[in-house]
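Protein chains in written order, with the UniProt record's numbering: chain A, 1 to 362; chain B, 1 to 362.
Protein chains: 2
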Amino acid sequence: MSRAETSRRGSRPGRAGIRDVAAAAGVSITTVSDALNGKGRLPDATRRHVREVADRLGYRPSAAARTLRTGKSGLIGLTVTTYGDEPFTFTEFAYFAEMARAATSAALARGYALVILPATSRHDVWSNVALDGTVVIDPSDQDPVVSELVRQGLPVVSDGRPAGSLPVTAWVDNDHEAAVLGILDHLADAGARRIGLLTGTSTDTYTHLSTTAYLRWCERVGQDPVYEAYPAHDPCAGAVAADRLLARPDRPDAVYGLFDPNGTDLLAAARRYGLRVPDDLLLVCCSESTMYASTEPPVTTLSLKPRRIGTAVVQLLIDAIEGVESEQPVEQVIPTELIVRTSSQRRSPRTTVSPPRTPDDR
Amino acid sequence: MSRAETSRRGSRPGRAGIRDVAAAAGVSITTVSDALNGKGRLPDATRRHVREVADRLGYRPSAAARTLRTGKSGLIGLTVTTYGDEPFTFTEFAYFAEMARAATSAALARGYALVILPATSRHDVWSNVALDGTVVIDPSDQDPVVSELVRQGLPVVSDGRPAGSLPVTAWVDNDHEAAVLGILDHLADAGARRIGLLTGTSTDTYTHLSTTAYLRWCERVGQDPVYEAYPAHDPCAGAVAADRLLARPDRPDAVYGLFDPNGTDLLAAARRYGLRVPDDLLLVCCSESTMYASTEPPVTTLSLKPRRIGTAVVQLLIDAIEGVESEQPVEQVIPTELIVRTSSQRRSPRTTVSPPRTPDDR
DNA sequence: CACCTTGGGAGGCACGTTTCTGCATGGCCA
DNA sequence: TGGCCATGCAGAAACGTGCCTCCCAAGGTG
Numbered sequence: 001m002s003r004a005e006t007s008r009r010g011s012r013p014g015r016a017g018i019r020d021v022a023a024a025a026g027v028s029i030t031t032v033s034d035a036l037n038g039k040g041r042l043p044d045a046t047r048r049h050v051r052e053v054a055d056r057l058g059y060r061p062s063a064a065a066r067t068l069r070t071g072k073s074g075l076i077g078l079t080v081t082t083y084g085d086e087p088f089t090f091t092e093f094a095y096f097a098e099m100a101r102a103a104t105s106a107a108l109a110r111g112y113a114l115v116i117l118p119a120t121s122r123h124d125v126w127s128n129v130a131l132d133g134t135v136v137i138d139p140s141d142q143d144p145v146v147s148e149l150v151r152q153g154l155p156v157v158s159d160g161r162p163a164g165s166l167p168v169t170a171w172v173d174n175d176h177e178a179a180v181l182g183i184l185d186h187l188a189d190a191g192a193r194r195i196g197l198l199t200g201t202s203t204d205t206y207t208h209l210s211t212t213a214y215l216r217w218c219e220r221v222g223q224d225p226v227y228e229a230y231p232a233h234d235p236c237a238g239a240v241a242a243d244r245l246l247a248r249p250d251r252p253d254a255v256y257g258l259f260d261p262n263g264t265d266l267l268a269a270a271r272r273y274g275l276r277v278p279d280d281l282l283l284v285c286c287s288e289s290t291m292y293a294s295t296e297p298p299v300t301t302l303s304l305k306p307r308r309i310g311t312a313v314v315q316l317l318i319d320a321i322e323g324v325e326s327e328q329p330v331e332q333v334i335p336t337e338l339i340v341r342t343s344s345q346r347r348s349p350r351t352t353v354s355p356p357r358t359p360d361d362r
Numbered sequence: 001m002s003r004a005e006t007s008r009r010g011s012r013p014g015r016a017g018i019r020d021v022a023a024a025a026g027v028s029i030t031t032v033s034d035a036l037n038g039k040g041r042l043p044d045a046t047r048r049h050v051r052e053v054a055d056r057l058g059y060r061p062s063a064a065a066r067t068l069r070t071g072k073s074g075l076i077g078l079t080v081t082t083y084g085d086e087p088f089t090f091t092e093f094a095y096f097a098e099m100a101r102a103a104t105s106a107a108l109a110r111g112y113a114l115v116i117l118p119a120t121s122r123h124d125v126w127s128n129v130a131l132d133g134t135v136v137i138d139p140s141d142q143d144p145v146v147s148e149l150v151r152q153g154l155p156v157v158s159d160g161r162p163a164g165s166l167p168v169t170a171w172v173d174n175d176h177e178a179a180v181l182g183i184l185d186h187l188a189d190a191g192a193r194r195i196g197l198l199t200g201t202s203t204d205t206y207t208h209l210s211t212t213a214y215l216r217w218c219e220r221v222g223q224d225p226v227y228e229a230y231p232a233h234d235p236c237a238g239a240v241a242a243d244r245l246l247a248r249p250d251r252p253d254a255v256y257g258l259f260d261p262n263g264t265d266l267l268a269a270a271r272r273y274g275l276r277v278p279d280d281l282l283l284v285c286c287s288e289s290t291m292y293a294s295t296e297p298p299v300t301t302l303s304l305k306p307r308r309i310g311t312a313v314v315q316l317l318i319d320a321i322e323g324v325e326s327e328q329p330v331e332q333v334i335p336t337e338l339i340v341r342t343s344s345q346r347r348s349p350r351t352t353v354s355p356p357r358t359p360d361d362r
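Okay, structure coming up:
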C-alpha cells in the first residue's frame with residue numbers, strides 16, 4: 001500500500017496529519033517533525049518549505065499524540081476542596097477567583113493551560129485528563145488526592161501549609177498568625193478596648209490558625225475572648241452571626257471578621273444597633289473586594305494577596321515539572337497587606353475618599 | 001522478546017500499563033480493556049478478577065493514549081477575550097467568575113473538565129491541548145479563533161449572540177434590550193423624570209446593545225439622553241465617570257450603571273454632592289454581587305444570571321459533542337432578574353433589611 | 001586510493017490504548 | 001454426524017507523534 005493511500009484512509013477530511021504534510025512537501029515524517037520543532041540538522045530552505053506546506057494544509061499537531069509520545073501534556077490541575085456540589089465555597093469565592101485567575105495567567109505565560117478539578121470529583125474525570133502536575137488549595141491532613149498524585153510521581157504544590165506530613169513538592173502560604181496579630185495591634189492602637197472576632201466553624205487551616213492566634217493574643221493582653229463562629233459556607237449565617245456578636249452583653253468595640261462578606265454584614269448590624277463606625281465600633285475584615293473602598297464608611301481590609309499566591313504556586317509547580325531547581329525556596333510565605341481605611345481609624349478620620357486602588361499587585 | 005520483558009522495559013517504576021495488568025492477571029490486553037470498560041462478552045468472574053488485579057497494581061489508564069485512540073479528550077475550552085495581559089477584565093470579573101464556576105460544575109457533572117484559554121493566547125498553548133469543543137464568551141465579529149475551531153470540525157457554543165455570520169453551533173444570551181427597557185420603566189414608575197446612564201466606551205455587544213436601547217427609550221419618551229461613557233476595563237475611571245455624571249448641570253434624578261462597581265461609585269459620588277438615595281437620586285446597577293444587599297442604602301441590581309448561562313452553554317456544547325440532538329433550541333435566551341432594593345423605590349422605602357439571598361439560581 | 005567527517009535526510013520503533021477480526025470450544029438441533 | 005451459533009477470549013492493527021538509528025553523498029586528508 002502506498003503512503004498516499006495510507007494517509008488518505010486514516011484521516012478525516014478536516015484534519016491533516018504529519019504524514020500528509022510529509023507527502024505534500026515531498027519529504028519524510030522525520031523531516032517534517034524536525035523542521036516544525038526546530039530540531040535536527042536541516043538547511044533553512046527545507047525548514048521554510050516544510051513550514052509553508054504545513055501552513056497551507058492547516059496542519060495542527062495532535063496534542064494527544066504528542067502527549068503520549070513525550071509524556072508531557074502541558075496541563076496542570078487546580079484542585080479545590082468542595083463544600084456541597086460546588087467547586088468552591090461562597091465565602092472563599094473572591095479569594096479563589098482571584099487566585100485562579102492569577103494562576104491561569106501565570107500558567108499560560110509559561111505555555112501551560114490550567115484545569116480546575118474538585119478534589120472529590122468523579123474518578124473518571126481525574127483519569128481522563130493527563131496532568132503534568134497539580135496545585136492543591138488548602139489540602140486536608142492525609143488528603144487522598146495528594147497521596148495518589150505523588151504516588152504517580154507527579155509534582156504537587158500546595159496553597160496553604162500542608163497539614164501533617166503531606167508529601168507536597170512545595171507550598172506557598174501567608175503568615176496568618178502574624179496577620180491576625182497585626183490587625184489586633186492595629187485596632188488596639190486605634191483605641192479598641194475589647195476586640196471581637198467573627199470566625200468560622202469549619203476546621204480548615206486558615207480558620208484554625210487565625211482563631212488560635214486571636215485567642216493567644218487575648219490571653220497575652222488579658223482580654224476575655226469575644227467571638228462568634230458560624231458555618232462560613234452558608235451565606236446567610238454570616239449576617240446572623242454579625243448581629244449576634246453586636247447583641248452580646250459584652251459587646252466589643254472593635255471587630256475583625258475572617259471572611260469576605262463580614263464587612264458589609266457588620267456594617268448593617270451596626271446600623272441596626274445605632275452604632276457609628278468608626279466612632280462606636282472599629283471594623284476590619286479579610287477581603288479581596290475593592291468595594292470596601294467606597295462603602296460608608298470605607299472598611300479596612302486585610303488582603304491575602306491571592307494574585308501573588310496564585311502566581312507563586314504555579315511558578316513553583318512548573319519549575320518542578322521542568323526539573324528546574326528553583327532559586328526560590330520550596331516554602332514561600334507571601335506577606336499580607338492591611339489596607340487601612342476609615343473604619344479602623346478613630347483619630348483623624350479621613351474625609352476624603354481613599355484613592356481607587358490599582359488592579360496590579362493585589 | 002517475551003511480553004514481560006517488553007512491559008518491563010517501557011514503563012517507569014511508578015506507572016503500571018495495561019500490559020502489566022494483563023500479564024499479572026494472566027489474560028490478554030483485550031480482556032483487560034473490555035473488563036475495565038464494561039464491554040465485550042466476559043463472565044463476571046473474569047471481570048472481577050481483572051478489576052481486582054488492576055486495583056492492586058494501582059493501574060490508571062493513560063488519558064493521552066485513550067484520547068489518541070478514541071479522538072475524545074473529555075476537555076472543553078472556555079475562551080475569554082483579553083484586555084491587556086489578564087484573562088478577563090476587571091469589570092466583568094464577578095460575572096465571569098460566576099459563569100466560569102457554573103460552567104466548571106456543569107462540565108464536571110457530565111464527566112468533562114474545563115480549560116480556560118484566552119483568545120489571544122500563544123499559539124502553542126492552543127495546539128498543546130486536545131479539546132472536544134469550546135465555549136467562547138462574547139466573540140467579536142469574524143473572530144479568528146472561532147473560525148479556526150469550526151474549520152477543525154469542533155463544536156463552538158457562544159455566550160453572547162454572535163455578531164455577523166459567525167458560524168457557532170449554538171449560543172446563549174440575555175435579552176439586553178428588554179432588560180434595559182425594563183429598568184428604565186421601573187425607574188420612571190418610581191418617579192424618575194430624567195434618567196442617566198453610566199456606560200462604557202468599548203464596542204462589545206453588551207455595551208452597544210444596552211446603550212442603543214437607552215437612546216431609543218429616551219427618544220420614545222422624549223427625554224434628552226444624559227450619559228457618561230468611560231473605559232470599563234479601567235477600575236479607576238468608573239469613580240470619575242460617576243462623579244462627572246452627577247456634576248452635570250442637567251443632573252439626572254435616576255441613574256442606571258452598566259457595570260458592577262458603578263453602584264458603590266455612584267453611592268459615593270451621591271454622598272459627595274449631598275444627594276440622598278433614593279430620595280434625591282434613584283439608583284440601579286448591573287451586578288452579581290450580593291454586597292449590594294447590605295450597602296447603605298441597599299442597591300437595586302440587575303443580575304444577568306451568569307450561573308444559568310454558564311450551565312446552559314456547557315450543556316449545549318456537550319450535547320453537540322456527543323451528537324445528542326438537544327431538545328433545547330440552539331439559541332437560548334436567559335431571562336435577567338431585577339432585584340429591587342431600596343435605592344430604586346421612592347415610595348414606601350423598606351426599612352427592614354432585605355433578606356439574604358440564597359446562593360442558588362443566581 | 002582508502003578513510004574519516006559532516007551535512008541532509010529516510011526508516012522504523014515506541015508511547016498505551018481501543019477495537020475489529022478471528023479462533024477455539026462446546027452445546028444444540030436436524 | 002455435521003453444521004451452526006453462542007461464548008470466551010487472543011492477535012494485531014491502528015491513532016499521530018518524537019526520536020534513535022542508520023544510510024548516502026560530498027568533501028577533506030593521509
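Built from N, CA and C at the ideal position, the CB exists for glycine as well.
Asked	Found
Three-way DSSP call (helix, strand, coil) for G310/B in this model	helix
DSSP three-state assignment for S73/B, whether helix, strand or coil	coil
Cutoff 8 Å: M291/A Cβ touching any chain B Cβ	yes
Inter-stretch contact (C-beta, 8 Å, three-pair minimum) for the region 94-109 of chain B and the region 50-62 of chain B	no
Rounded distance between the beta-carbons of L258/B and S210/B, thought under 8 Å	6 Å
Delimiting residues of the beta strand (DSSP E) encompassing G200/A	I195 to G200
Residue span of the alpha helix (DSSP H) that contains V21/B, given as start and end	I18 to A25
Chain-ordered neighbours of P61/B on chain A, where CB pairs are closer than 8 Å	S127
DSSP state of Q332/A mapped onto helix, strand, coil	strand
Euclidean distance between Cα positions of R19/A and G58/B	36 Å
is_contact[G133/B, chain A] using C-beta, thresh 8 Å	no
CB contact check: L245/A to chain B, cutoff 8 Å	no
For D138/B and L338/B, the rounded distance between their alpha carbons	22 Å
L317/A vs V135/A beta-carbon contact at 8 Å	yes
Three-state class that DSSP yields for P118/A in the structure shown	strand
C-alpha distance - A112/A paired with T67/A, whole-angstrom precision	According to the sequence displayed, residue 112/A carries Tyr and not Ala. Going from the Cα of Y112/A to the Cα of T67/A covers about 13 Å.
Sub-8 Å separation of P225/A and Y214/A beta-carbons	yes
Terminal residues of the beta strand (DSSP E) in which L42/B lies	No beta strand (DSSP E) holds L42/B; DSSP gives it neither H nor E.
Proximal residues to V277/A (C-beta, below 7 Å), its chain only, five neighbours per side dropped	L267, A270, L283, P297 and S343
Extent of the continuous alpha helix (DSSP H) to which L275/B belongs	Neither: L275/B is in no alpha helix (DSSP H) and is coded neither H nor E.
Chain A contact for A179/B (CB, 8 Å cutoff)	no
Given V157/B as reference, the closest of H176/B, D132/B and E177/B once Cα atoms are compared	D132/B
In DSSP terms, what E337/A is bridged to	S303/A
Extent of the continuous beta strand (DSSP E) run through G133/B	G133 to I137
Per-residue burial, R161/A [other beta carbons within 10 Å of its own, 16 or more giving buried]	buried
Burial state of Q345/B, where buried means 16 or more other Cβ atoms lie within 10 Å	buried
Contacts that L75/A makes with chain B (C-beta to C-beta distance below 7 Å)	V129
Q152/B versus R15/A - alpha carbon distance	6 Å
Buried or exposed (CB count within 10 angstroms, at least 16 for buried), Y273/B	exposed
Three-way DSSP call (helix, strand, coil) for C286/B in this model	strand
6 Å Cβ shell around residue 368/B - same chain, five flanking residues per side excluded	Residue 368/B cannot be examined here, being either before or after the span of chain B that is shown, 1 to 362.
Alpha-carbon to alpha-carbon, N262/A and A241/A	9 Å
Contacting positions in the region 145-156 of chain B - beta carbon closer than 8 Å to chain A	R151, Q152 and G153
Candidates D34/A, A130/A and V27/A, of which the one nearest L149/A by Cα	A130/A
Min CB distance L68/A to chain B below 8 Å	yes
Beta-bridge partners of T79/B, as assigned by DSSP	L117/B and V136/B
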